[in-house]
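*Asks:* I'd like to ask you about the structure that follows.
Protein chains: 2
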Amino acid sequence: MTDLGRDAPASRTVDRGASAYVSAREVAARAGVSRSAVSRTFTPGASVAEDTRRRVLVAAEELGYHVNKLARGLSLQQSGIVCVVVSDIMSPQMSRLLGILTRRLQQAGRVAMVLSLSGPDDDARLVLQRAAQYRAEATIVLSGTPSRSIVRSCLESGQRLILISRDDPETGPDRIRLDNAGAARAALLAFVRGGCRHLAVVTTEKQTLSLAERSAGFIEAARAVGIEPRIVSRGVSTSYENGRLAGTELFTGERRPDAVFCVNDVTALGVLDAARHDFGLRVPEDLSVMGFDNIPEADWLSYRLTTFDQPVEDIAAAVVQLVEEGRDPGGDPVSLSFTPTLVWRSSVRC
Amino acid sequence: MTDLGRDAPASRTVDRGASAYVSAREVAARAGVSRSAVSRTFTPGASVAEDTRRRVLVAAEELGYHVNKLARGLSLQQSGIVCVVVSDIMSPQMSRLLGILTRRLQQAGRVAMVLSLSGPDDDARLVLQRAAQYRAEATIVLSGTPSRSIVRSCLESGQRLILISRDDPETGPDRIRLDNAGAARAALLAFVRGGCRHLAVVTTEKQTLSLAERSAGFIEAARAVGIEPRIVSRGVSTSYENGRLAGTELFTGERRPDAVFCVNDVTALGVLDAARHDFGLRVPEDLSVMGFDNIPEADWLSYRLTTFDQPVEDIAAAVVQLVEEGRDPGGDPVSLSFTPTLVWRSSVRC
DNA sequence: AATGAATGTGCACGCGCGTGCAAGCAATGC
DNA sequence: GCATTGCTTGCACGCGCGTGCACATTCATT
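Chains as they are written, first to last, in this note's numbering: chain P, 195 to 544; chain G, 195 to 544.
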């Protein structure tokens, strides 16, 4: 009565040295119940007698049993896996978003699978294919701009796609966006109010949607008040080094600007350092610099960069909610927009 | 002869709005072959006639089929999933390592599942449990210090554990370590050669193995040459803010140190900023500061921090190799050690 | 023409799990 | 005493896949 079926008549594949995970059948054998009972014990809401439940739990504990979520996902058709596509994890802003996202997904009972996008657009397809192979409940694209055909084929093959600050608005996937143009207008307004007239904008040669919106928004707003800003784009990615190079270019010639709007904090810090250390400019007396993202470094004493904060927590929360809701097949794709808030520090004259 | 079995008599579950992924059976029906043929087409090295192979590929393409790696993993007993346990993704060093790691894992045909460790040690168990549930081929622990009992129970339940700079050497899992003590000795030597005699070390109250080794190594080395360094530990985590606070404490009193060794770059930058901006000290004339990790920010113009570079690429490569090799059941756990290299910049007098 | 080898294909099983269905059992109502 | 109800439990099936085995087919060889 105590413990029958002591020796597990489980299977013949017992001696697998590597990854010898315990299966429910072995637990069942040890607990002297059927495998169904084990399964029910670990299924919330299933009907199991308190006695058997306890016996199963004891046996599971002793054997070190863990439900196989892969198999469970197979029958339930939901893996619990959410893929997150990123290219530059190292960048402070991306790692911030990624961190918050994984944490929240985890709290929601999901798990984040991070897919790195190495270089060109081409492997966007490979990465998304990977996501499909693991039957991701949703795929969140933080970096890279999958071509429209790729996006369509993903959607057709049953994948759930959530683009964050990616692509143009007319395609099919759910989208989360930032009011970049509005922020850029606010930036211009701040510069003008501070008395700056010689404006410049620093961006990169290869622009993503976000970056393009920011620079274009700034340029438009400037023109609307009769100012034609200088535009400097350096390098492919928004790095500190490219920011410094852009700054060097800006400050070398004659018409030195008195205010620079950077599409990105890291770039802005590069510009800032070039101004101070390479050209001996005083910020904000000689020069105002504004960034975007509000990365932690922007608050450091050496910089105190005025910038726009992305509501990362809200964005992550929205994404998780989208994932949890699921997607109704016929329904229109969701499109959410968030507003960055200006964080005043001391890199802009006011 | 062209295409028989046109309408897929697949299953009754066709109308699943959400995540309607295509299965091999439907592809088989469309291509007019058996499901085995489809399976073999996507299995490297399996025997398929060129003709059927093409037909299958066409059908798969049309239907948007992707092999279900969950199911494949179920029968092959290898999921391709590698879990990476991290707590502070936001920190530059962690995100650097994580980025390289995910990329290399991906190149090796694996996929990284990131598990965030929220706060206390307690949920280390929950997180590792999660890894087991997804039948991770290996679990790489970058943050958090799972208690020995947790580690043992993980190993017993068949999990493959790789600890990076974690735990003490006597437990069972594979380990990758850094020669922190050696680096600390080199740091001291550099200070002494630079003529510094009033030394200090900045660390945190809650130390991980790495941090403890660094501070202890420095202290020992200092005592070996007859110097008793001041020790300041601030806060729980190694953050910029805690570094700044530690710096404030160091520079406020009488016996101001002329050299500070920080267990961490981010902390060092906080100390540096406190020294320069809050106390008007000149670096390196009045004060030498050394950090650890060589994060990108350390190379920025405002800091130019002398620090130790972790061979992140090598570490990641070693981890991937460990994962690929598998673990022979009886064999001793692997233990690898790497050596950080001193990167000279201009925050230390020489 | 007959035989052997070689190649390709389908069948059926198992991987670990959830669950509908029916059978078992105890408790309750008449 | 019997019928009814409610709760457990085991059986059996399917989720999507890889693969051993047997069979069909083709081709070269004797």
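Here a beta-carbon is modelled for each residue, glycine too, at the ideal position from N, C-alpha and C.
1. Between 478(G), 321(G), 476(G), which has its C-alpha nearest residue 337(G)'s C-alpha?
2. What residues of chain P sit near residue 273(G), judged by a beta carbon separation below 8 Å?
3. Counting only runs that start and end within the region 450–515 of chain P, where is the alpha helix (DSSP H) found for 4 or more residues in a row?
4. Would you mind telling me which residues of chain P sit closer than 7 Å to residue 334(G), beta carbon to beta carbon, in chain order?
5. Along the alpha helix (DSSP H) that carries residue 552(P), what are the first and last residues, could you check?
6. Does the region 526–541 of chain G touch the region 479–499 of chain G, meaning 3 or more C-beta pairs lie closer than 8 Å?
7. Closer than 7 Å, Cβ to any Cβ of chain G: which residues of the region 290–303 of chain P, in chain order?
8. Just the chain G side, please: which residues come within less than 9 Å of residue 306(P) by C-beta, in chain order?
9. To which residues of the same chain is residue 488(P) closer than 6 Å at the C-beta, ignoring the five residues directly before and after it?
10. Given residue 459(G), which residues of its chain have a CB within under 8 Å of its CB, disregarding the five upstream and five downstream residues?
11. Note down, in chain order, every chain P residue with its Cβ under 9 Å from the Cβ of residue 474(G).
12. In this structure, does DSSP put residue 285(G) in helix, strand or coil?
13. Give me the chain P residues within the contact set of residue 261(G), using Cβ-Cβ distance strictly less than 8 Å, ordered along the chain.
14. Give the residues of chain G in contact with residue 340(P), contact being defined as C-beta atoms less than 7 Å apart.
15. What number of angstroms, rounded off, separates the C-alpha of residue 184(P) from the C-alpha of residue 343(P)?
16. Starting from the beta carbon of residue 323(P), find every residue of chain G whose beta carbon is closer than 9 Å, and list them in chain order.
17. Residue range of the beta strand (DSSP E) that residue 397(P) falls in?
18. Which residues does DSSP pair with residue 264(P) in a beta bridge?
19. Determine, using beta-carbon pairs with one atom in the region 324–333 of chain G and one in the region 346–354 of chain G, whether at least three such pairs fall under 8 Å.
20. If you count every other CB in all the chains shown that lies within 10 Å of the CB of residue 312(P), and 16 or more means buried, which is it?
21. Tell me the DSSP bridge mates of residue 412(G)?
22. Is the beta carbon of residue 274(G) less than 8 Å from the beta carbon of residue 304(G)?
23. Along chain P, which residues have their Cβ under 7 Å away from the Cβ of residue 267(G)?
24. If you run the structure through DSSP and keep just helix, strand and coil, what is residue 526(G)?
25. In angstroms, rounded to a whole number, what distance separates the CA positions of residue 457(P) and residue 405(P)?
26. What are the residues in the region 472–497 of chain G lying within 9 Å of chain P by C-beta distance?
27. Could you tell me if residue 270(P) is buried or exposed, where buried requires 16 or more neighbouring beta carbons within 10 angstroms of its beta carbon?
28. Does the region 369–385 of chain G come close enough to the region 228–237 of chain P to have 3 or more Cβ pairs within less than 8 Å?
29. Determine whether the Cβ of residue 541(P) lies closer than 8 Å to any Cβ atom of chain G.
30. At 7 Å on the CB atoms, spell out the chain P contacts of residue 431(G), in chain order.
31. Just how far apart, CA to CA, sit residue 467(G) and residue 496(P)?
32. Under the DSSP definition of a beta bridge, which residues are partnered with residue 236(G)?
33. By Cβ distance, which residues of its chain are closer than 7 Å to residue 289(G), with the 5 residues on each side in sequence left out?
34. Where does residue 263(G) land, buried or exposed, given buried means 16+ other C-beta within 10 angstroms?
35. Taking one C-beta from the region 374–393 of chain P and one from the region 408–416 of chain P each time, how about it: are there three or more such pairs within less than 8 Å?
*Replies:* Let me lay it out:
1. Across the set 478(G), 321(G), 476(G), the C-alpha of 321(G) shows the shortest separation from the C-alpha of residue 337(G).
2. Correct list: 264.
3. Those alpha helix (DSSP H) runs which fall completely within the region 450–515 of chain P and span 4+ residues are 459–467.
4. What residue 334(G) touches in chain P: nothing, since even the nearest Cβ is about 13 Å away.
5. Since the first residue of chain P shown is 195 and the last is 544, residue 552(P) is not available in this structure.
6. Judged by pairs of C-beta atoms under 8 Å, the region 479–499 of chain G touches the region 526–541 of chain G, as three or more such pairs exist.
7. Those residues of the region 290–303 of chain P that come within reach of chain G (Cβ to Cβ, closer than 7 Å) are 290, 292, 293, 296, 297, 300.
8. Neighbours of residue 306(P) in chain G, taken as residues at a C-beta separation under 9 Å, are given in chain order as 307, 308, 309, 310.
9. Beyond the five residues adjoining it in sequence on each side, residue 488(P) comes within less than 6 Å, by CB distance, of 501, 503, 537 in the same chain, given in chain order.
10. Only 286, 287, 485, 486, 487, 488, 489, 491, 492, 499, 501 meet the Cβ criterion.
11. For residue 474(G), there are no C-beta contacts with chain P under 9 Å, since the nearest C-beta of that chain is about 12 Å from it.
12. When DSSP states are grouped into helix, strand and coil, residue 285(G) belongs to the coil group.
13. Neighbours of residue 261(G) on chain P, chain order: 327.
14. Within chain G, no residue comes near residue 340(P); the closest Cβ sits about 15 Å away, beyond 7 Å.
15. Look at the range of chain P in this structure, 195 to 544, and you will see that residue 184(P) is not part of it.
16. Simply 260.
17. Per DSSP, residue 397(P) is one residue of the beta strand (DSSP E) stretching across 393–397.
18. Paired residue(s): none; residue 264(P) is not in a bridge.
19. In short, these stretches touch, since the Cβ pair count reaches three.
20. Counting Cβ neighbours within 10 Å, residue 312(P) comes out exposed, since fewer than 16 surround it.
21. Bridge partners of residue 412(G): none, in fact.
22. Yes, these two residues count as a Cβ contact at 8 Å.
23. Correct list: 264.
24. Coil at residue 526(G), not helix or strand.
25. Residue 405(P) has its alpha-carbon roughly 6 Å from the corresponding atom of residue 457(P).
26. Under the 9 Å Cβ criterion, the region 472–497 of chain G contributes 472, 490, 491, 493, 494, 495, 496, 497.
27. Exposed is the call here.
28. They do not touch, by the three-pair rule.
29. So, not an interface residue.
30. Near residue 431(G) there are no residues of chain P at all, since even the closest Cβ is about 13 Å away, more than 7 Å.
31. Pairing residue 467(G) with residue 496(P), the inter-Cα distance amounts to about 6 Å.
32. Residue 236(G) is bridged by DSSP to nothing; it lacks a bridge partner.
33. Excluding residues within five positions, the ones whose Cβ falls inside 7 Å are 283.
34. Using a 10 angstroms sphere on the CB of residue 263(G), the tally of other CB atoms reaches 16 or more, which defines it as buried.
35. When Cβ pairs closer than 8 Å are counted between the two stretches, the region 374–393 of chain P is seen to touch the region 408–416 of chain P, the count reaching three or more.
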